[in-house]
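> The sequence shown maps to residues 164 to 513 in my numbering.
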Amino acid sequence: MTPAGARIAAAIAAQGPIPLAQFMTVALLDPQCGYYATRDPFGAAGDFVTAPQVSQMFGELVGLWLAQAWLDQGKPARPLLVELGPGRGTLMADALRAMAVVADFRDAVEIVLVEASTALRTAQAAALAPLGKTPRWARELSEIEADRPLFLIANEFFDALPIRQFVKTERGWCERMVGLDARGALAFTLSPVALPVGRVPANRDGAPPGGFYETAPAGDALAEEIGHRIARRGGAALVIDYGYDVPGFGETLQAVARHAFADILRDPGASDLTAHVDFGALRDAAGRGGARVHGPIGQGTFLRRLGIDARAERLGAQADRDRLVAPEQMGTLFQALAIVPRDATPPAGF
Ligand code: SAH
Numbered sequence: 164m165t166p167a168g169a170r171i172a173a174a175i176a177a178q179g180p181i182p183l184a185q186f187m188t189v190a191l192l193d194p195q196c197g198y199y200a201t202r203d204p205f206g207a208a209g210d211f212v213t214a215p216q217v218s219q220m221f222g223e224l225v226g227l228w229l230a231q232a233w234l235d236q237g238k239p240a241r242p243l244l245v246e247l248g249p250g251r252g253t254l255m256a257d258a259l260r261a262m263a264v265v266a267d268f269r270d271a272v273e274i275v276l277v278e279a280s281t282a283l284r285t286a287q288a289a290a291l292a293p294l295g296k297t298p299r300w301a302r303e304l305s306e307i308e309a310d311r312p313l314f315l316i317a318n319e320f321f322d323a324l325p326i327r328q329f330v331k332t333e334r335g336w337c338e339r340m341v342g343l344d345a346r347g348a349l350a351f352t353l354s355p356v357a358l359p360v361g362r363v364p365a366n367r368d369g370a371p372p373g374g375f376y377e378t379a380p381a382g383d384a385l386a387e388e389i390g391h392r393i394a395r396r397g398g399a400a401l402v403i404d405y406g407y408d409v410p411g412f413g414e415t416l417q418a419v420a421r422h423a424f425a426d427i428l429r430d431p432g433a434s435d436l437t438a439h440v441d442f443g444a445l446r447d448a449a450g451r452g453g454a455r456v457h458g459p460i461g462q463g464t465f466l467r468r469l470g471i472d473a474r475a476e477r478l479g480a481q482a483d484r485d486r487l488v489a490p491e492q493m494g495t496l497f498q499a500l501a502i503v504p505r506d507a508t509p510p511a512g513f
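1) Is Tyr405 a contact residue of the ligand SAH, with contact defined as CB to any heavy atom under 6 Å?
2) Residues in its own chain within less than 6 Å of Val265 by CB, not counting five upstream and five downstream?
3) Nearest to Leu191 by CA position, among Gly237, Ala420, Gly398 and Gly374, is which residue?
4) Cα separation between Pro359 and Arg474?
5) Contact defined as beta carbons within less than 8 Å: I believe Leu500 pairs with Phe442. What is the distance between those atoms, to the nearest angstrom?
6) Return yes when the Cβ of Gly342 is within less than 7 Å of the Cβ of Ala290, no when it is not.
7) So does the stretch 413–430 actually touch the stretch 463–478, counting three or more Cβ pairs closer than 8 Å?
8) So, for Ala263: in the same chain, excluding its five sequence neighbours on each side, which residues have a beta-carbon less than 7 Å away from its beta-carbon?
9) Under DSSP, the beta strand (DSSP E) around Thr165 begins and ends at which residues?
10) Residue range of the beta strand (DSSP E) that Gly443 falls in?
11) Thinking just about the alpha-carbon of each residue, which of Pro355, Glu273, Pro325 and Phe221 is nearest to the one in Asp485?
12) Starting from the C-beta of Gly374, find all residues in its chain whose C-beta is less than 6 Å away, skip the five residues before and the five after it, and write them out in chain order.
13) Relative to the ligand SAH, is the shortest distance from any of its heavy atoms to the C-beta of Ala290 smaller than 6 Å?
14) Rounded to a whole number of angstroms, what is the C-alpha to C-alpha distance between Met340 and Leu353?
15) Verify whether the separation of the beta carbon atoms of Pro298 and Ile274 is less than 7 Å.
16) Which whole-angstrom value describes the C-beta separation of Arg389 and Ile502, a residue pair presumed to lie in contact below a C-beta threshold of 8 Å?
17) Exposed or buried, what is Gln219 when buried is set at 16 or more other beta-carbons lying within 10 Å of its beta-carbon?
18) Using CA atoms only, rank isn't needed, just tell me which of Ala400, Trp228, Leu445 and Pro166 is closest to Pro504.
19) If we call anything under 7 Å between Cβ atoms a contact, is Gly250 one with Phe321?
20) Quick one: is Gly347 buried, meaning 16 or more other Cβ sit within 10 Å of its Cβ, or exposed?
21) Assuming Thr437 contacts Pro325 (C-beta within less than 8 Å), just tell me the rounded distance between them.
22) At a cut-off of 6 Å, would you count Glu278 as near the ligand SAH, judging by its Cβ distance to the nearest heavy atom?
23) Would you kindly report the start and end of the unbroken beta strand (DSSP E) that includes Gln328?
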């Protein structure tokens with residue numbers, strides 16, 4: 164068993180089955196044995212490849228999108244440039260390079276990186292060192308001052324946040340938990356008590372037996388907080404991730420290691436765990452915070468409207484462009500959602 168698996172099994176032996184969200188938090192973020200804390204998961208030699216790793220064009224266009232939003236809002240003073248979960252720091256480095264054409268934004272911003280993993284913080288510092296802008300780090304958004312305009316990017320961040328799952332049974336909707344089987348291995352189980360009927364969302368009516376629904380309380384709270392800050396102080400947020408607008412009845416939690424699906428419970432800490440992002444829930448949450456939401460729209464449509472075709476031609480990078488925008492690659496499964504103040508003009512691409 165992996166160190167994270169042993170730690171989780173000991174907790175279950177002591178206190179009984181734990182909610183899936185608690186399992187995910189230890190497996191991904193435990194400072195000693197969590198997945199992100201103990202490895203660099205990216206790239207061909209790692210477990211998965213993200214859009215900033217595919218091509219510099221991704222970070223460049225995101226950087227210009229943020230700078231354009233700042234210009235559209237009349238260049239508000241003291242802007243913060245925040246990235247949630249910057250991975251290796253590739254996106255931010257490419258964004259800052261592209262922002263040379265909007266030098267007053269680049270000069271004005273203070274960069275804050277929200278990153279749980281100390282290993283990845285080191286990689287991010289190295290990526291940004293040549294660019295003449297020194298970032299600071301925060302453990303979460305709530306640590307960052309709220310009284311400044313917020314320009315924020317989150318790529319493949321919300322999918323890594325812990326989710327809760329509920330399964331339709333004869334007893335009603337029961338929460339999915341992680342327990343131990345007769346041999347002491349981690350195994351899924353269900354909460355003995357069903358969810359009160361009034362707590363089940365209306366769009367879950369008609370679920371077949373064994374049907375799922377998923378919630379991401381931490382992700383929803385974060386989207387509401389982003390919406391609240393942007394509504395009050397201005398700014399713009401861009402959330403890009405794979406996900407859906409209207410939930411189905413299937414589960415979307417998956418484990419990935421070395422570019423292949425893995426068993427969710429077998430090797431916690433050694434595989435990435437993600438769930439598809441519920442963009443409808445994020446939109447509602449940011450709206451509750453007081454902001455206006457645009458999208459989601461497909462990543463392919465979004466990048467094309469921002470001019471990726473011309474940039475690809477210039478770089479001779481049509482094959483990389485196709486990976487980012489083609490419907491059968493990342494263009495449709497990945498979605499982009501923008502959060503801006505209610506009175507702001509629609510952001511570029513939306
Ligand atoms: N945005 C990057 C990396 C995506 S992977 C890219 O596109 O390449 C997810 C990133 O979020 C990693 O950097 C991971 O360490 C970080 N992360 C995941 N959960 C987090 C949390 N709860 N708080 C802070 N950082 C987190």
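Even glycine gets a Cβ: it sits at the ideal position worked out from N, Cα and C.
According to the structure data:
1) As a working note, residue 405 is residue 242 in the sequence shown. It does not: the Cβ of Tyr405 is nowhere closer than 6 Å to a heavy atom of the ligand SAH.
2) On the sequence shown, residue 265 is found 102 positions in, with the first residue counted as 1. Excluding sequence neighbours, Val265 sits near Ala230.
3) Taking the first residue of the sequence shown as position 1, residue 191 is located at position 28. Nearest C-alpha to Leu191: Ala420.
4) On the sequence shown, residue 359 is found 196 positions in, with the first residue counted as 1. On the sequence shown, residue 474 is found 311 positions in, with the first residue counted as 1. Spanning the two alpha carbons is a distance of roughly 53 Å.
5) Start at 1 with the first residue of the sequence shown, and residue 500 comes out as number 337. Start at 1 with the first residue of the sequence shown, and residue 442 comes out as number 279. So it is a contact: roughly 6 Å between Cβ atoms.
6) Locating residue 290 in the sequence shown gives position 127, where the first residue counts as 1. Locating residue 342 in the sequence shown gives position 179, where the first residue counts as 1. No, they are not a contact pair.
7) no
8) For this step, residue 263 is matched to residue 100 along the sequence shown. For Ala263, where only same-chain residues beyond five positions count, the Cβ hits under 7 Å are Arg269.
9) On the sequence shown, residue 165 is found 2 positions in, with the first residue counted as 1. It is not in any beta strand (DSSP E) - Thr165 carries neither H nor E in the DSSP assignment.
10) For the purposes of this step, residue 443 is taken as the residue at position 280 of the sequence shown. From DSSP, Gly443 is part of no beta strand (DSSP E) but of the alpha helix (DSSP H) over Phe442 to Arg451.
11) Here the question's residue 485 lines up with position 322 in the sequence shown. Ranking Pro355, Glu273, Pro325 and Phe221 by Cα distance to Asp485 puts Phe221 first.
12) On the sequence shown, residue 374 is found 211 positions in, with the first residue counted as 1. So the list reads Lys331 and Phe412, once near-sequence residues are dropped.
13) For this step, residue 290 is matched to residue 127 along the sequence shown. Not so, every heavy atom of the ligand SAH lies at least 6 Å from the Cβ.
14) Here residue 340 refers to the residue found at position 177 when the sequence shown is read from its first residue. Here residue 353 refers to the residue found at position 190 when the sequence shown is read from its first residue. Met340 and Leu353: Cα-Cα distance of roughly 5 Å.
15) For this step, residue 298 is matched to residue 135 along the sequence shown. For this step, residue 274 is matched to residue 111 along the sequence shown. Cβ distance < 7 Å, so Pro298 and Ile274 count as in contact.
16) As a first step, residue 389 must be located in the sequence shown, where it is residue number 226. As a first step, residue 502 must be located in the sequence shown, where it is residue number 339. Here residue 389 is Ile; the residue named in the question, Arg, does not match the sequence. 6 Å between Cβ atoms; contact.
17) On the sequence shown, position 56 is the one that residue 219 refers to. Buried.
18) Counted from its first residue, the sequence shown places residue 504 at position 341. The shortest C-alpha separation from Pro504 is found at Ala400.
19) Looking up residue 250 in the sequence shown gives position 87. Looking up residue 321 in the sequence shown gives position 158. The answer is no: Cβ separation not under 7 Å.
20) Counting from 1 along the sequence shown, the entry for residue 347 is found at position 184. The residue is exposed, with fewer than 16 neighbouring Cβ atoms inside 10 Å.
21) Start at 1 with the first residue of the sequence shown, and residue 437 comes out as number 274. Start at 1 with the first residue of the sequence shown, and residue 325 comes out as number 162. With a Cβ gap of about 11 Å, Thr437 and Pro325 do not count as contacting.
22) Here residue 278 corresponds to residue number 115 of the sequence shown, with the count starting at 1. It does: the Cβ of Glu278 is within 6 Å (strictly closer) of some heavy atom of the ligand SAH.
23) In the sequence shown, residue 328 corresponds to position 165, counting from 1. That run of the beta strand (DSSP E) goes Arg327 to Thr332.
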